[in-house]
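Step one of this worksheet: look at the structure below.
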Amino acid sequence: MRFFAWASLVVQILLIGTGGAVRLTGSGLGCPTWPQCVPGSLTNTPEMGIHGVIEFTNRALTGVVVLIAILAFLSVVRFRAQRRDLFVLTLLQGLSIPLQAVIGGITVLTGLNSYIVGLHFVVSVVLVVLTSMLVYRVYNGPGGGPRLMPAWYRMLAHVTSLFVAITVVVGILTTGSGPHAGDITTPRNGLDTNLLQHLHSWPAYVTLAGTVLLVLGALTLPGASARTRRFTLILLAVELVQIAVGITQARLGLPELLVGIHMVLAAVLVGAMTVVVLTLRGKAPVRNATSESLAAAQL
Numbered sequence: 052m053r054f055f056a057w058a059s060l061v062v063q064i065l066l067i068g069t070g071g072a073v074r075l076t077g078s079g080l081g082c083p084t085w086p087q088c089v090p091g092s093l094t095n096t097p098e099m100g101i102h103g104v105i106e107f108t109n110r111a112l113t114g115v116v117v118l119i120a121i122l123a124f125l126s127v128v129r130f131r132a133q134r135r136d137l138f139v140l141t142l143l144q145g146l147s148i149p150l151q152a153v154i155g156g157i158t159v160l161t162g163l164n165s166y167i168v169g170l171h172f173v174v175s176v177v178l179v180v181l182t183s184m185l186v187y188r189v190y191n192g193p194g195g196g197p198r199l200m201p202a203w204y205r206m207l208a209h210v211t212s213l214f215v216a217i218t219v220v221v222g223i224l225t226t227g228s229g230p231h232a233g234d235i236t237t238p239r240n241g242l243d244t245n246l247l248q249h250l251h252s253w254p255a256y257v258t259l260a261g262t263v264l265l266v267l268g269a270l271t272l273p274g275a276s277a278r279t280r281r282f283t284l285i286l287l288a289v290e291l292v293q294i295a296v297g298i299t300q301a302r303l304g305l306p307e308l309l310v311g312i313h314m315v316l317a318a319v320l321v322g323a324m325t326v327v328v329l330t331l332r333g334k335a336p337v338r339n340a341t342s343e344s345l346a347a348a349q350l
């Protein structure tokens, strides 16, 4: 369970990275048709060059995602009575695959419409949330237990997570308006890139301020768990790196490599924020389980 939970999270982040590579290299139509790469072939051909390789690699990674989703589901299905949370999370992961495939197909068929591409990214981010929850729940048991932190701290955590979401959405709109929305023929969303770059930074700094307060609270409040302290510090570290990358890429004229790193770090940030929120409540009791199956379910 632990292995497939981690694998689920890792492949979702990798998929964001390869999807970013597709966009940053202008390879979105490297495979010009869907579900085939080219008419008569599911794979790319040598004539398609590097763009075909990049786009087909991104599509092929979906096969890995499917395999891991199936194995993750099979690893928890026999514990579905005791661990309904794991069952639901792995089921949702599996159901997301045809959804992502349909959105990917619409993306190709609409000529890389920036809003459809953005929706593709949003679903990927939601899957990072779900798989982060899966990893946490496998190690720490089902949620819904007692609240471990004061009400103001829980509210601060939720507000901070809201600003994480806002930062991601504005970042998607910023990319869709700028030079990395695709190749020169790819339609942009028509929004002001310079304005969006500034707007993108504002919720990011609010997120940073909220995270600093979360760290201070986790380090000083007597009821804070070791998990809360650890993951708020991890969240702060990811945000500092992300801000440094964001400022650097803006000053260097948005080099593709740094933009790609920024995208992957956004996924890591979302995962870390998700876990911080999960640490605010203790573990609920597992119901209707023998001691043997309980031990196996909770590892």
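Numbering (the working numbering), first residue to last: 52 to 350. We put the CB at the ideal spot given by N, CA and C, even for glycine.
Helix, strand or coil at Arg332 [DSSP, three-state] = When secondary structure is reduced to three states using DSSP, Arg332 falls in the strand class.
Using the Cα positions of Ser59 and Val315, report the straight-line distance between them to the nearest angstrom.
-> Within the model, the alpha-carbon separation for Ser59 versus Val315 is close to 15 Å.
Three-state class that DSSP yields for Ser342 in the structure shown = Residue confidence is low: Ser342 scores 43 on pLDDT, short of 50, so the model does not pin down where it sits. Its coordinate-derived value is still stated next. Ser342 falls in the helix class under three-state DSSP.
Ignoring anything shorter than 4 residues or poking outside the segment 253-318, list the alpha helix (DSSP H) runs there in chain order.
-> Complete alpha helix (DSSP H) runs here, min 4: 277-302.
Assign Arg239 to one of three DSSP states: helix, strand, or coil.
-> DSSP, reduced to helix, strand and coil, places Arg239 outside both helices and strands of the structure shown, so it counts as coil.
Between Leu75 and Glu307, which are expected to be in contact by the criterion C-beta below 8 Å, what is the C-beta distance as a whole number of angstroms?
-> Confirmed, Cβ separation roughly 4 Å.
If you draw a straight line from the C-alpha of Pro201 to the C-alpha of Arg332, how long is it?
-> Approximately 11 Å, taken between the alpha carbons.
Rounded to whole angstroms, what's the CA-CA distance from Val61 to Arg302? Just pull it up for me.
-> Roughly 30 Å separates the two Cα atoms.
N-terminal and C-terminal residue of the alpha helix (DSSP H) that Met206 is part of = Going by DSSP, Met206 is part of the alpha helix (DSSP H) stretching over Ala202 to Ser228.
Is the segment 210-227 touching the segment 165-182 in the sense that three or more CB pairs, one from each, lie closer than 8 Å?
-> Contact between the segment 165-182 and the segment 210-227 is present, with at least three C-beta pairs closer than 8 Å.
Within the same chain, show all residues whose beta-carbon is closer than 8 Å to that of Leu207, passing over the 5 residues directly before and after it, in chain order.
-> The residues are Gly261, Leu264, Leu265 and Gly268.
Would Val319 pass as a contact of Thr283 if the rule is Cβ separation under 7 Å?
-> The answer is no: Cβ separation not under 7 Å.
Looking only at C-alpha atoms, which of Phe214, Ala120, Val128 and Ile157 sits nearest to Val35?
-> Lying outside 52 to 350, the shown extent of the chain, residue 35 is not represented and no answer is given.
Nearest to Tyr204 by alpha carbon, out of Gly68, Met52 and Leu329?
-> Minimum Cα distance to Tyr204 is reached at Leu329.
Quick one: Cα of Gly194 to Cα of Ala72, how far?
-> One C-alpha to the other measures close to 36 Å.
How should Glu343 be labelled, buried or exposed, when 16 other C-beta atoms within 10 angstroms of its C-beta is the threshold for buried?
-> Because the pLDDT at Glu343 is just 47, under 50, the model does not fix this residue reliably, and the value given afterwards should be weighed accordingly. Taking every protein chain shown into account, the CB of Glu343 has fewer than 16 other CB atoms within 10 angstroms, so this residue is exposed.
Taking buried to mean at least 16 other C-beta atoms within 10 Å of its own C-beta, is Asn245 buried or exposed?
-> Exposed is the label assigned to Asn245, since fewer than 16 other Cβ atoms lie within 10 Å of its Cβ.
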